[in-house]
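Heads up: the structure comes next, in structure tokens.
In the UniProt record's numbering, the protein residues as written are 1 to 241.
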């Protein structure tokens, strides 16, 4: 994967974020990881002591993005890429049954915290001609009953990624939908989605789990890690599924 780089990865304690982090570490890169739970991050720090720094914090708190950027610069002096992977699925309710306050909380988790981190790291990414990889979803361009808050927040992320690409020509800004991946979010969908989703959509998602056809996190993790390290500028402003 080329020369050693410094990459921030959020939501790094499980699922796709953990898979991205492991891929980068095994390739010899330095990572600055963020997640609410410190346990897995501490394990990675013990296994790769010189390559890992981490922050156990809620990305929606006002100072988390700043602290994460400062941690990267303090220990590694620069930032080559940022992988914005954290996010939430609930509330899984139809618009008529929903709460505006719940939507605001989900937008804090999925959009505004991502915006904060992008804003904090843009100056560093300009200097390194780096890459900003945003985890999106097929729901950003499709619609499922009960997914209004999640889908619209991911659509907003897609547009944020494209606006950064337009405004920052030295930064390669990409949004990517990893597909239906066997993560805790899929488990949450199966547990909470039945009441509000269209029956056929719910059955389609559940069937992929029971038939074992959900994608393992390691597959999109490897793709995202490689994009973080070496995505060419001509991919900027793109949304990949």
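C-beta: ideal position from N, C-alpha, C; glycine also.
So who's on the other strand from residue 54, going by DSSP bridges?
33
Taking a contact to mean a Cβ-Cβ separation below 7 Å, would you say residue 106 touches residue 149 in this structure?
yes
**Prompt:** For the stretch 105-192, which segments carrying the alpha helix (DSSP H) assignment without a break, of at least 4 residues, lie completely within its bounds, in sequence order?
**Reply:** 113-128, 148-167, 184-192
Go ahead and label residue 61 buried or exposed: buried means 16 or more other beta carbons lie within 10 angstroms of its beta carbon, across all protein chains shown. exposed
Just reading off the beta strand (DSSP E) that residue 10 is part of, what are its end residues?
6-10
Out of 95, 63, 114, state which residue places its alpha-carbon closest to the alpha-carbon of residue 85.
114
Short of 8 Å in beta carbon distance, which residues of its chain neighbour residue 42, apart from the five on each side in sequence? Order them along the chain. 54
Q. Would you report the Cα separation of residue 108 and residue 50, rounded to the nearest angstrom?
A. 32 Å
For this session: Please report the residue range of the beta strand (DSSP E) in which residue 82 lies.
Result: 81-84
Whole-angstrom distance between residue 25 and residue 78, CA atom to CA atom
17 Å
With a cut-off of 8 Å, do at least 3 Cβ pairs link the stretch 229-241 to the stretch 121-139? yes
Practice prompt. With a threshold of 16 other CB atoms inside 10 Å of the CB of residue 159, please say whether the residue is buried or exposed.
Written response: exposed
**Q.** Selected residue, minimal CA-CA separation from residue 218, among 238, 7, 183
**A.** 183
Anyone know if the C-beta pair for residue 190 and residue 206 falls short of 7 Å? yes
Beta-carbon gap between residue 10 and residue 27 smaller than 7 Å:
no
Report yes if the C-beta distance between residue 174 and residue 235 is below 7 Å; otherwise report no.
yes
The alpha helix (DSSP H) enclosing residue 242, as first and last residue numbers: Residue 242 is absent from the structure shown; the chain starts at 1 and stops at 241.
- Query: Considering only residues of the same chain and omitting the five flanking positions on each side of residue 238, which have a CB-CB separation below 7 Å?
  - Reply: 174
Among 119, 81, 147, the one whose alpha carbon lies nearest that of residue 63:
119
Inset, instruction - Starting from residue 206, trace the alpha helix (DSSP H) both ways and give me its first and last residue. - result: 199-210
Problem set entry | Expected contact under 8 Å - CB spacing of residue 146 and residue 196 to nearest Å | 3 Å
- For residue 209, which of 185, 198, 223 has the nearest alpha-carbon? 185
Distance between beta carbons of residue 83 and residue 224, contact taken as under 8 Å: 6 Å
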